[in-house]
Amino acid sequence: MSIRGIDYEQDIKSIEYIWLKHCTSYKEQKWEDVDGEIKCPKNRTYIKIKNDSIVAFITIRIENVEDDDNLQNYIFELFAYPKRKGFGSELLKEMQDKRQFLILHVKKTSTDAIKCYKKNGFQINRESQDGSKHRMVWRNKNYN
Ligand SMILES: CC(C)(COP(=O)(O)OP(=O)(O)OC[C@H]1O[C@@H](n2cnc3c(N)ncnc32)[C@H](O)[C@@H]1OP(=O)(O)O)[C@@H](O)C(=O)NCCC(=O)NCCS
Numbered sequence: 012m013s014i015r016g017i018d019y020e021q022d023i024k025s026i027e028y029i030w031l032k033h034c035t036s037y038k039e040q041k042w043e044d045v046d047g048e049i050k051c052p053k054n055r056t057y058i059k060i061k062n063d064s065i066v067a068f069i070t071i072r073i074e075n076v077e078d079d080d081n082l083q084n085y086i087f088e089l090f091a092y093p094k095r096k097g098f099g100s101e102l103l104k105e106m107q108d109k110r111q112f113l114i115l116h117v118k119k120t121s122t123d124a125i126k127c128y129k130k131n132g133f134q135i136n137r138e139s140q141d142g143s144k145h146r147m148v149w150r151n152k153n154y155n
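Residue numbers for the sequence shown follow the numbering used here, beginning at 12 and rising by one.
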């Protein structure tokens with residue numbers, strides 16, 4: 012099992028497949044938006060591979076962007092399929108190994124995802140402006 016950066020041409024169909032497995036509960040999200048985040052040069056997408064298949068992906072803003080970029084270390088997407096096999100946690104741990112903090116928003120109704128983030132050390136620190144999402148933060152204790 013391994014984790015590596017995305018090779019867009021080679022991997023994008025498998026990533027879209029994973030997203031499609033969840034998109035019924037993500038009705039307001041369009042694939043074009045996810046694809047745009049993956050293509051954005053300020054972001055990086057990492058994939059988890061098991062038995063030659065992609066089983067999870069994470070899209071995150073790179074750490075060393077401009078000082079005024081308030082999306083530094085922001086997790087845009089995290090999807091795993093199949094679920095509950097530890098793949099999502101493995102990608103989070105890989106990101107935590109390299110960073111001082113991580114930030115994300117998660118829908119309040121995504122209870123499985125919230126459990127996953129809490130299990131990986133994230134804490135709710137406020138809600139989104141429209142009240143529909145939690146903002147969650149993880150801080151690397153080694154940097155305090
Ligand atoms: C959220 C998501 C990425 C988590 O990845 P995952 O590989 O399924 O999660 P893990 O196997 O690492 O599970 C970690 C913990 O999360 C919780 N969890 C995950 N799936 C769960 C489920 N279906 N039911 C209850 N708890 C669940 C558990 O506490 C689990 O730990 P445990 O198995 O030791 O009890 C994945 O479930 C997913 O793709 N969900 C749909 C998309 C989504 O909501 N993404 C987040 C957007 S912010």
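All C-beta atoms in this analysis are idealised placements derived from N, C-alpha and C, irrespective of residue type, glycine included.
Below 8 Å on the Cβ atoms is my guess for residue i versus residue j; work out the distance and round it to an integer in Å.
{"i": "residue 73", "j": "residue 26", "result": "Actually they do not touch by this definition, with Cβ atoms about 18 Å apart."}
{"i": "residue 151", "j": "residue 110", "result": "7 Å"}
{"i": "residue 70", "j": "residue 43", "result": "No, residue 70 and residue 43 are not in contact; Cβ-Cβ is about 14 Å, not under 8 Å."}
{"i": "residue 114", "j": "residue 146", "result": "7 Å"}
Look at the alpha carbon of residue i and the alpha carbon of residue j, and state the distance between them as a whole number of angstroms.
{"i": "residue 93", "j": "residue 81", "result": "32 Å"}
{"i": "residue 104", "j": "residue 18", "result": "21 Å"}
{"i": "residue 30", "j": "residue 149", "result": "24 Å"}
{"i": "residue 108", "j": "residue 128", "result": "15 Å"}
{"i": "residue 101", "j": "residue 56", "result": "14 Å"}
{"i": "residue 63", "j": "residue 22", "result": "11 Å"}
{"i": "residue 119", "j": "residue 20", "result": "34 Å"}
{"i": "residue 51", "j": "residue 141", "result": "26 Å"}
{"i": "residue 35", "j": "residue 45", "result": "15 Å"}
Sorted by chain position, which residues of the same chain lie with C-beta nearer than 6 Å to residue i's C-beta, five sequence neighbours on each side aside?
{"i": "residue 124", "result": "117"}
{"i": "residue 154", "result": "111"}
{"i": "residue 98", "result": "59, 66, 67 and 91"}
{"i": "residue 139", "result": "116"}
{"i": "residue 132", "result": "149"}
Starting from residue i, trace the beta strand (DSSP E) both ways and give me its first and last residue.
{"i": "residue 56", "result": "54-61"}
{"i": "residue 69", "result": "64-72"}
{"i": "residue 115", "result": "112-118"}
Tell me which residues share the same chain as residue i and place their Cβ nearer than 8 Å to its Cβ, disregarding the 5 neighbours each side in the sequence.
{"i": "residue 60", "result": "12, 13, 14, 15 and 66"}
{"i": "residue 33", "result": "90 and 92"}
{"i": "residue 54", "result": "48, 70, 71, 72, 73 and 87"}
{"i": "residue 134", "result": "147, 148 and 149"}
{"i": "residue 144", "result": "116, 117, 118, 119 and 138"}
{"i": "residue 170", "result": "For residue 170 there is no data in the structure shown, the boundaries of the chain being 12 and 155."}
Starting from residue i and walking both ways along the alpha helix (DSSP H), at which residues does that stretch end?
{"i": "residue 98", "result": "98-109"}
{"i": "residue 47", "result": "42-50"}
{"i": "residue 31", "result": "19-33"}
{"i": "residue 126", "result": "122-130"}
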